[in-house]
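Participant: Structure incoming, see below.
Protein chains: 2
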Amino acid sequence: MATTGQRGDKGGGRVMFGVAGVILAASFLFMRTPVHETPAPAPTEAVIDYDPCCAYPCENQGICLSEANRNYTCDCTGTGYYGSNCEIPTWSTMIKTKLKPDPEWLHTFLTSNSWLWAILNRIPFIHKRLMTYVYLSRGDMVDSPPTYESDHSYITLNAYFNESYYARTLPPVPEHCPTPMGVKGPKEYPDVDELIKKVFMRREFIPEPHDTNVLFQYYAQHFTHQFFRTDYKKGPQLTKGTGGVDVSNIYGLTEQDRRALRSGVDGKLRTQKINGEDFPPYLKDVPGISMDYPPHIPIPENGKFALGHPFFALLPGLFAYATIWVREHNRVCDELVKLHPSWDDERIYHTARLIIVGEVIKITIEDYVQHLSQYKLKLTFEPELTHGTRFQYHNRIHAEFNHLYHWHPLIPDSLNVSGTDYAIMDMAYSTAPVFKHGLDEFIHAMVNSRAGALTNRNHAQVLYPVLKKVLENGRELRFQGVNAYRRRFGMVPFTSFEDMTGETELAAILEELYGDIDAVEYYVGLLAERPGPSITPLTMVNIGGPWSVKGLLANPICSPRYWKPSTFGGEEGFNIIKTASLEKLFCLNMKGSCEGISFKVPQGTP
Amino acid sequence: MATTGQRGDKGGGRVMFGVAGVILAASFLFMRTPVHETPAPAPTEAVIDYDPCCAYPCENQGICLSEANRNYTCDCTGTGYYGSNCEIPTWSTMIKTKLKPDPEWLHTFLTSNSWLWAILNRIPFIHKRLMTYVYLSRGDMVDSPPTYESDHSYITLNAYFNESYYARTLPPVPEHCPTPMGVKGPKEYPDVDELIKKVFMRREFIPEPHDTNVLFQYYAQHFTHQFFRTDYKKGPQLTKGTGGVDVSNIYGLTEQDRRALRSGVDGKLRTQKINGEDFPPYLKDVPGISMDYPPHIPIPENGKFALGHPFFALLPGLFAYATIWVREHNRVCDELVKLHPSWDDERIYHTARLIIVGEVIKITIEDYVQHLSQYKLKLTFEPELTHGTRFQYHNRIHAEFNHLYHWHPLIPDSLNVSGTDYAIMDMAYSTAPVFKHGLDEFIHAMVNSRAGALTNRNHAQVLYPVLKKVLENGRELRFQGVNAYRRRFGMVPFTSFEDMTGETELAAILEELYGDIDAVEYYVGLLAERPGPSITPLTMVNIGGPWSVKGLLANPICSPRYWKPSTFGGEEGFNIIKTASLEKLFCLNMKGSCEGISFKVPQGTP
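First to last, the protein sequences are chains V and D. Counting with the working numbering, you get residues 1 to 606 for the letters of the first sequence. Counting with the working numbering, you get residues 607 to 1212 for the letters of the second sequence.
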């Protein structure tokens, strides 16, 4: 790197950029910024009285380093670009860029052309190549090992060694910058209450347009809470979780909790019979387990259960999933005991837990993500496709993934179970709907009820405080704007508010609030985007996909030393994973009929 | 997998092996076992009244699964072998085995032929290919993600998700097996005191035959204690460490300790002037830091220091290294402040810490491991060689690595500093030798003093309790025998006690103690082996090498997103790493002459 203002580094891709250049760049940027209540400063010498890196001058993921005299350099190593601001592609990058399909086109291609996919899905050689591409290309987009955490806007060893942190895909905006987004947009964030009212609150229920049901909504919540475990007492940048699909939502996060939830016989989890069916034990019967029951709400002792996740006492849908998974674990234990009569409780338990992780990943990819993406490419769980490649079998949860996954618009205002309407708050901390109508009836109610569309203006009124906390946390974590994330994940940034929303009314509201399209907050932009062919808008698919695929395939059981029959108690155990499906999970663990179990409401549902 | 005794799995590599086979195998094994005080049981039906997997019937790293009726299967997935016991190589394995050089031959080749290596080391294309091979072949030998921990003899999710565990390369011998080694050897371990007296205690000091000095000995101890941090209060299977080269030995393990050791100005660590030189602060001046000073030994307040590792108060050699690294950190901070005058204390500190990690890895590979291995191949730190390969940038410390690294034979009985002889116990908990003679004099004393040979019968008498604890912990952790580890790391197992020791006297003693060569304990075998061309015997090089290389190269700074100038404050910071050496480390941080700094005593030293 050069040490004076004008000397360039001819050999490499890291080049110095002087004061004059910054002024020029800044003035150009500001020329394009519409003037609003909080106008950007005029392009005079005073303008650059801030760290030049606040303007994010380095393109294509180049790293900005501020130097003496308000100079900066861009480190273009590994970006495939060079030049002062990593703006000039190398020849090989130019060719790659030409060959690479546009993400929006690719997404449309993947979600349409059913006839073509019906053929491709049936040709194993081609299908395996496509799945390998999906795994590796998504994996490549997630920095592993992670580079950033939320307390520093630059690389530190803490990002890797302090696993209490959620990782960060993009570092926080430095605190000393002129605006919350660096130099773009207003000096202060828009008023959060105004934002919520104008952009997020449900006027009338918008149903999910792909027939998604409430069973899907609760799957999302049940599945993701094993790794979204923000340590709120210490701060939104910290997690209590382990960084992956550890099935701690079923078994408990600590060894102490896991011990408490075990029966001690044949590897099984503790259950109790209620109305002749197996359910999780009452909280009073499991010393040492602590659940998030609020002290001020009177809940009878036989309404309180001991579950793997303290939060799962919150809603009957989570309790239903918890029950089904406990039954499935115990069912798998029965199979293993038959195969290995000499194995002790400990070995049956651990082997069953390994099988359950496999089932969770299989169902998540092949049922859940398949529906979520609406891809016509059949998604399959084939970890052997990553063996021997550059794929990294280690995962960390990213703070931005946690925020992206706040999918409360999916929640309808009420759920009808066997003719009784339960409003959201009727169900809080209550398992009554499950026991009044029976677990089977409750499950069918989830199947038959439409979830809400994952879009703007579709948050139920009662979820106002939850949403407000999300937005406030995003600000506390100083997330970069949604356009920065689009660039980071290889998408073209939105060029205007209309380009983002696909209409004019919401676009005008957002333009008034933010002034500059590059200043739109991350979570706001994700939900303000026009609907696309998937359950979520396109940016959310293209950003969330990599974190999701990486998290699922980086599980230790997918690595070469784990992914073999003996890990799962032999060929039979391995086959339980390989044949798992959402339908089977429910059919094997419901008392009565499991007809129609899927993530879609039955055809003809109003 | 088959479910009856005789049915084979034709398609795959997992085959059933019946009762008759076990008896046959067991009788064959026992035939070869010399009869001693505790003879192995005779090969009758009664013999196999134990889990057949205790006999480790699966070869070539196949995984044994016990089934009903004392049957077992071997899972040969990924081993390159098939057959009942994974004993038949596939064609591709057969070819690979033929092409693969014998480890002993390879080691001799690498440690001799100086003239050839002088040429190869100078041809960048060839040298890079060789280093890439070293990195990847060593990395491949370490399971990453880890598969085992010390509380289970089979794969569990805990091995990965519970990072309080040291990982295990081979699982513990199951507790229900007939002997501590499975079925081989005596029913009880040999008496530990007898073992120590006969095999380990120093009769007279054996100097290290490659001129290794005490500076090397203390480097080993200072470097490895950043990741060997056994949580003795909870058990030898647990660690407080983070799993890698985190420089916590310099900066402290917890954020609280790291904060306490910082000056808060220009990123620097706290120091004080003593006799005009910078030293770590007194313990009394750093609230919150706790050091391992024993309460029963009176130590003056100005003899107690606050260091990054509580154990480093133990010996003046560790204190000397601690001082040099603190000075180096502060020196790097001075450089960074010049380059980035606008950066705050926090950013200078974190960037300097990243540079120090790089220096530590560079010096460890290019000075320390180079000397340790005695390779004539010039070892280089070039992390970019692993980029885009299957190399996994995540590390866990293995319990066996910790045990292997108990290198107390290196410690001479005394150290002569400027004419004064300090016995080992004279130096315990004392920094007096450093301050009486001056740090420079003490460093030169370490350079000029011979270390002991890393072999049997060379443990200093005062280290008896330390050694006893190592052996007892190895038994508590139920380590498999040294031959099992030789197999695991691709070496031919020792065929006899003479084959192991290269002589007859020690061989006879060990044969009397263990009866069966396969029953020789891990640590015992490592030190009982005949000396070779490296500082350690051959097995220790071939087993320790993979853990060491993997640990060094799996550091996050070696990964593609970290390994670039901006991570280290720019090209200048990157160059500090790229030009680091042991000599430079001392020369830049000693007051007087640094002549002759190296890991060898000067030529002509008696």
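Built from N, CA and C at the ideal position, the CB exists for glycine as well.
Taking E673(D) as the query, report the chain V residues whose CB atoms sit under 9 Å from its CB, ordered along the chain.
Facilitator: L339, H340, P341, S342, G570
Participant: In this structure, what does DSSP give as the bridge partners for D151(V)?
Facilitator: Paired residue(s): none; D151(V) is not in a bridge.
Participant: Kindly list the residues whose CB is nearer than 7 Å to the CB of A958(D), restricted to its own chain and excluding five residues on each side of it in sequence; keep chain order.
Facilitator: G873, H935, V938, C939, L942
Participant: Along the beta strand (DSSP E) that carries K273(V), what are the first and last residues, could you check?
Facilitator: 272–274
Participant: Do you know offhand how far E277(V)'s Cα is from R327(V)'s?
Facilitator: 10 Å
Participant: Note down, in chain order, each residue of its chain lying with its Cβ closer than 6 Å to the Cβ of G243(V), except the 5 sequence neighbours on either side.
Facilitator: For G243(V), where only same-chain residues beyond five positions count, the Cβ hits under 6 Å are N395, R396, I397.
Participant: Using 10 angstroms around the beta-carbon of G979(D), count the other beta-carbons present and answer buried if the total reaches 16, otherwise exposed.
Facilitator: Note that residue 979(D) corresponds to Ser in the displayed sequence, not to Gly. Under this definition S979(D) is a buried residue.
Participant: Taking the straight line between their C-alpha atoms, what separation do you get for F1180(D) and Y741(D)?
Facilitator: So the alpha carbons of these two residues sit roughly 21 Å apart.
Participant: To the nearest angstrom, how far is it from the Cα of P1143(D) to the Cα of G1025(D)?
Facilitator: 33 Å
Participant: Between A661(D) and chain V, is the shortest Cβ-Cβ distance under 9 Å, so that the two count as touching?
Facilitator: Interface residue (Cβ-Cβ distance to chain V less than 9 Å): A661(D) is not classified as such.
Participant: Quick one: grab the DSSP three-state call for C333(V).
Facilitator: helix
Participant: Can you pull out the residues from the region 1131–1154 of chain D whose beta carbon lies closer than 9 Å to at least one beta carbon of chain V?
Facilitator: Of all residues in the region 1131–1154 of chain D, none has a Cβ within less than 9 Å of some Cβ in chain V.
Participant: Nearest to K706(D) by CA position, among G1131(D), G1096(D), G1176(D), is which residue?
Facilitator: The residue with the shortest Cα to Cα distance from K706(D) is G1096(D).
Participant: Using 10 angstroms around the beta-carbon of S449(V), count the other beta-carbons present and answer buried if the total reaches 16, otherwise exposed.
Facilitator: Answer is buried; the Cβ neighbour count reaches 16.
Participant: Are the region 899–911 of chain D and the region 845–862 of chain D touching, with three or more C-beta to C-beta distances below 8 Å?
Facilitator: no
Participant: With a CB to CB cut of under 6 Å and the five nearest residues on each side skipped, what residues in its chain are close to A866(D)?
Facilitator: V892, G894, I895
Participant: Figure out for me which residue from A1038(D), P1015(D), L1016(D), H1009(D) has the closest Cα to the Cα of V1023(D).
Facilitator: A1038(D)
Participant: In the DSSP output, which residue or residues are listed as bridge partners for L106(V)?
Facilitator: Beta-bridge pairing links L106(V) to no other residue.
Participant: Express the C-alpha separation of M181(V) and E188(V) in angstroms, rounding to a whole number.
Facilitator: One C-alpha to the other measures close to 9 Å.
Participant: Using a Cβ-Cβ distance under 9 Å, would N158(V) count as near chain D?
Facilitator: So yes, N158(V) belongs to the interface.
Participant: Under DSSP, the alpha helix (DSSP H) around A59(V) begins and ends at which residues?
Facilitator: First, the residue type needs correcting, since residue 59(V) is Glu and not Ala in the sequence shown. Taken as a continuous stretch (DSSP letters only), E59(V) belongs to no alpha helix (DSSP H), as it is neither H nor E.
Participant: Please report whether the beta-carbon of G388(V) lies at a distance below 9 Å from any beta-carbon of chain D.
Facilitator: yes
Participant: Quick test of your reading: C177(V) and D51(V), contact by CB under 8 Å. State the CB separation rounded to the nearest angstrom.
Facilitator: 7 Å
Participant: Quick check on V360(V) - is its C-beta less than 9 Å from some C-beta in chain D?
Facilitator: When Cβ-Cβ separations below 9 Å define contact, V360(V) makes no contact with chain D.
Participant: Is K578(V) helix, strand or coil by DSSP?
Facilitator: helix
Participant: So, M737(D) versus E988(D), is the Cβ gap smaller than 9 Å?
Facilitator: yes
Participant: What does a CB cutoff of less than 6 Å around Y514(V) pick up in its chain, not counting 5 residues either side in sequence?
Facilitator: Excluding residues within five positions, the ones whose Cβ falls inside 6 Å are G185, V520.
Participant: Just curious, the beta strand (DSSP E) that F610(V) is in, first and last residue?
Facilitator: No answer is possible for residue 610(V): it lies beyond the span of chain V, which begins at 1 and ends at 606.
Participant: Does the distance from the CB of R530(V) to the CB of T501(V) come in under 9 Å?
Facilitator: yes
Participant: Quick check on DSSP: helix, strand or coil for H1004(D)?
Facilitator: strand
Participant: Check the DSSP bridge columns for H977(D) and list the partner residues they point to.
Facilitator: Answer by DSSP bridge pairing: none, since H977(D) is not bridged.
Participant: Nearest to F822(D) by CA position, among M1052(D), G1202(D), I1115(D), T1101(D), is which residue?
Facilitator: When M1052(D), G1202(D), I1115(D), T1101(D) are compared, the shortest CA-CA separation from F822(D) is found for M1052(D).
Participant: Rounded to the nearest angstrom, how far is the Cβ of L463(V) from that of I509(V), given a contact under 8 Å?
Facilitator: That belief does not hold up - the Cβ atoms of L463(V) and I509(V) are roughly 20 Å apart, past 8 Å.
Participant: What number of angstroms, rounded off, separates the C-alpha of T995(D) from the C-alpha of K1184(D)?
Facilitator: 22 Å
Participant: So Y562(V) packs on T753(D), CB below 8 Å; how close in whole Å?
Facilitator: 7 Å
Participant: My assumption, with CB atoms under 8 Å, is that N402(V) sits in contact with T230(V). Please give the rounded CB distance.
Facilitator: A Cβ-Cβ distance of about 7 Å is found for the pair N402(V) and T230(V), placing them in contact under the 8 Å criterion.
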